Each structure stands twice: as structure tokens, then as C-alpha cells.
Amino acid sequence: MFELVLRAPADVVEPLSDLLMDELESLSVSVEDADADTESERALFGEPGMPAPAPGWERSTLKALFDSEAAAEQAATLALAHFGEQGAHVQALHRVEEQDWVRLTQSQFAPVEITPEFWVVPSWHEVPPGAKHVMRLDPGLAFGTGTHPTTHMCLRWLARKPETADLSRVLDYGCGSGILALGAAVVGAGFIDAVDIDPAAVQSTRDNAQRNGVPATTLAAGLPAQAQGQYGVVLANILATPLKLLAPLLAGHVAPGGWLVMAGILERQAEEITAAYAPWLDVQVADQQEGWVLMCARRPAA
């Protein structure tokens with residue numbers, strides 16, 4: 008099997024993908040952000056209070072698989088003939104070994120230790136010895152498997168929650184896969200509202216709750232309008248810009264004596280978050296990991 012790797016601007020990606028799949032009979036085509044893991048990386052998901060982003064990355068890397076070297080070379084020639092003048096170019100063409108893709112994918116996701124007693128475990132792994140709090144969570148369409156520092160810090164906060172944290176009513180705002188909502192359920196939350204602007208995330212949260220035996224009477228997933236009233240703990244692992252825009256809303260959901268726990272914030276953005284929430288809460292850095300910070304505040308009890 009041979010892999011052809013191309014780079015293309017946003018307006019070329021879709022027609023180039025169609026050419027590779029429909030006319031050149033590629034076995035598969037994957038599209039990735041060419042700027043992933045750089046300062047230029049950007050998400051494709053809209054955020055509350057922000058205009059909808061463009062439907063694709065500014066520059067993308069396309070990886071097409073072919074069953075022969077001749078087919079891959081022909082595809083490279085025709086791809087450049089059709090889209091070379093529009094900015095597409097070939098980065099590589101090489102042989103790839105046959106893989107058991109299911110096994111390979113599964114091997115990349117090991118159990119994640121939050122604390123010695125709190126673990127996130129894919130369904131194909133055994134529960135580690137000594138684990139008392141376990142979430143079964145597999146990679147999927149929605150963000151959140153416990154490996155990212157922001158998710159890890161939020162779960163660690165739940166695992167080591169302050170004695171003052173009232174988990175009788177919890178809000179997970181921007182729930183993604185539902186991992187934080189499930190984490191709250193695992194450590195004993197009474198009721199959790201898990202909300203997201205992405206319907207796929209809402210469904211993912213419902214599916215993951217079902218897989219973990221968490222009933223809808225304990226964890227209710229829905230769109231943001233579902234969040235009503237005040238909560239003992241408000242969790243929001245999104246991004247700094249929407250966190251600033253959402254400051255009045257999120258602060259308003261924190262009950263007297265309640266906690267606001269936020270992540271998705273780079274160290275250099277911490278002061279901006281503190282300033283944005285200053286009219287309502289004294290938000291401070293509570294944890295840090297790999298350049299990211301967890302920021303928390305407690306509303307004074309009435």
C-alpha cells in the first residue's frame with residue numbers, strides 16, 4: 008500500500024478530495040490541519056458569542072492511500088495538473104505497511120490516571136488495580152478522552168474537590184464527550200446538566216453516560232438553553248475567548264458558596280480571565296500543566 012501526501016489551501020481541499028476518491032480510486036483520504044500543534048492551529052467549531060468559523064482550515068494536509076505505487080504516482084500527477092496552479096503540492100509519496108487499523112488505533116489510547124484511585128479507561132482495556140473511580144470512555148467525534156492537560160486538570164479537581172464543593176447540582180458547560188459530567192457523576196454528584204452547542208457532542212455525552220450506567224435522571228445532556236438557575240459547581244473546559252465572552256452567564260450560574268472551575272486557558276491568558284470575571288468573582292490559577300492553567304473561584308456564601 009502507498010500513501011500520497013499533499014498540502015492544499017482551503018478552497019482546494021474538497022474538490023481535490025473528490026478527485027482522489029471518485030476519479031483516482033483512492034482507498035481512503037484523510038484531511039488534517041497543516042498547522043496542527045503550532046500557534047496557527049485553530050478549531051473548526053463555533054463558540055458561544057463568536058461568529059461561525061470558516062468550514063475548513065486555512066491549509067490542510069491530505070493523505071490518500073492507494074493499492075499500488077503506479078496508482079499513487081498517477082494520482083500525484085493528475086492532482087497537480089488539476090490543482091497545482093491553485094496552490095496544491097505533493098509533500099511525499101511512500102510505502103506504508105499493512106496495518107490492523109483497529110488494533111493500532113486502540114494501542115494509542117491507554118488508561119489515563121487522574122489520581123491513583125481515579126482512572127479513564129477505554130472499553131478494550133482492563134481496569135487498573137486499585138482503581139475505585141472509573142470512567143469507560145472511547146475516542147470519538149467529540150472532544151475529551153482525559154489525555155489533554157485541560158481535561159486532566161478538571162478531572163483532578165473533581166477527584167480532589169474542596170470540602171466546600173457542593174455536588175448536589177453540577178453544570179458542565181461545553182461538555183464535548185461528557186467526560187467532566189461523567190467525572191462529576193463518578194465522584195458522587197447528585198445531578199449534572201451537560202450542555203454543548205454541538206448536537207454531536209450532546210449525543211456523544213448521552214451515549215457515554217449510558218455506557219457508564221449513568222441514568223438521564225442523574226446526567227441530562229442538551230443544548231446550552233437547558234442550563235437554568237444556579238449550581239454548586241460549574242465546569243467549563245472550552246477556550247479563553249469564549250470564557251471571557253461567557254463571563255456574565257457562567258458567573259451567574261454559580262450558587263452562593265459554589266465553585267466555578269475553568270480550563271482551556273494558556274498561562275499567558277490567565278490575567279485576561281481574572282479581569283473578565285472580576286465584576287462577579289475572584290478567579291485565580293489553581294493548577295497548571297504543560298503550559299495550560301486551571302482557574303477557579305468560589306462565590307461567597309450568602
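Position 289, counted from 1, in the sequence shown is what the working numbering calls 296; the numbers after and before it change by one each time, with no gaps. Just so you know, even glycine gets a beta-carbon here, dropped at the ideal spot from N, CA and C. Just so you know, these numbers come straight off a predicted model, no measurement behind them.
Run of the alpha helix (DSSP H) containing residue i, from where it starts to where it stops
i	result
L250	A247 to L252
M160	P156 to A166
Q233	From DSSP, Q233 is part of no alpha helix (DSSP H); its letter is neither H nor E.
Q81	E76 to F90
Closest residue to residue i among the options (Cα-Cα distance)
i	options	result
G229	V103, R213, P222 and G220	R213
A78	S67, L100, D42 and E92	L100
T225	L246, E170, A201 and D25	A201
E80	E46, L31, D44 and E104	L31
H96	A82, L87 and E278	L87
D40	W64, D29, L257 and T84	W64
P251	A232, V127, L72 and A277	It is worth fixing the name first, because residue 251 is Lys in this sequence and not Pro. Of A232, V127, L72 and A277, the residue nearest in Cα terms is A277.
R163	F9, Q296 and V20	Q296
S75	V221, I272 and M8	M8
E10	S35, L26 and L72	L72
D294	G265, H159, A82 and R66	H159
Per-residue DSSP class, three states only, for residue i
i	result
C182	coil
G259	helix
A59	Interpretation of A59 is limited by its pLDDT of 48, a score under 50 that renders its predicted location unreliable; the figure taken from the coordinates is listed afterwards. Of the three classes helix, strand and coil, the one that applies to A59 here is coil, per DSSP.
F116	coil
E46	coil
S24	helix
S67	strand
F198	coil
R218	helix
G137	coil
P16	strand
V209	helix
V103	coil
A270	strand
L11	strand
L187	helix
Contact set for residue i: own chain, Cβ-Cβ below 8 Å, skip 5 residues either direction
i	result
C161	L187, G190, L242, N244, V268, A270 and L301
G259	Q237 and W287
L174	K168, A191, V194, G195, A196, G197, G239 and V240
Cβ-based neighbour list, residue i, same chain, cut-off 7 Å, excluding 5 preceding and 5 following
i	result
D289	A304
L148	Residue confidence is low: L148 scores 43 on pLDDT, short of 50, so the model does not pin down where it sits. Its coordinate-derived value is still stated next. Around L148: A207 and S211.
G181	D203, A243, N244 and I245
Y284	A254, A258, V290 and A304
Rounded straight-line distance, which links the Cα of residue j to that of residue i
i	j	result
E274	V194	28 Å
P307	P263	6 Å
P123	P136	9 Å
A282	Q93	44 Å
W299	A17	29 Å
S24	A247	33 Å
T45	A309	45 Å
A138	P118	11 Å
G91	V20	12 Å
M28	R102	19 Å
A216	E104	37 Å
P156	A232	28 Å
R143	L85	45 Å
F116	D179	24 Å
S35	P22	15 Å
H132	A227	27 Å
6 Å Cβ shell around residue i - same chain, five flanking residues per side excluded
i	result
F125	H140 and A166
Q98	V12 and R14
T68	R14, E39 and A41
I121	L162, R163 and A166
D145	P129 and S130
V261	V241, L267 and R306
Residue i, enclosing beta strand (DSSP E) - first and last residue
i	result
A282	Segment A277 to Y284 is the alpha helix (DSSP H) holding A282; no beta strand (DSSP E) there.
M302	W299 to R305
G94	Per DSSP, G94 belongs to no beta strand (DSSP E) and is neither H nor E.
W126	F125 to V128
S33	Taken as a continuous stretch (DSSP letters only), S33 belongs to no beta strand (DSSP E), as it is neither H nor E.
L144	Unbroken run through L144: none, as it is neither H nor E.
D294	Q291 to Q296
V241	Y238 to N244
A228	L226 to G229
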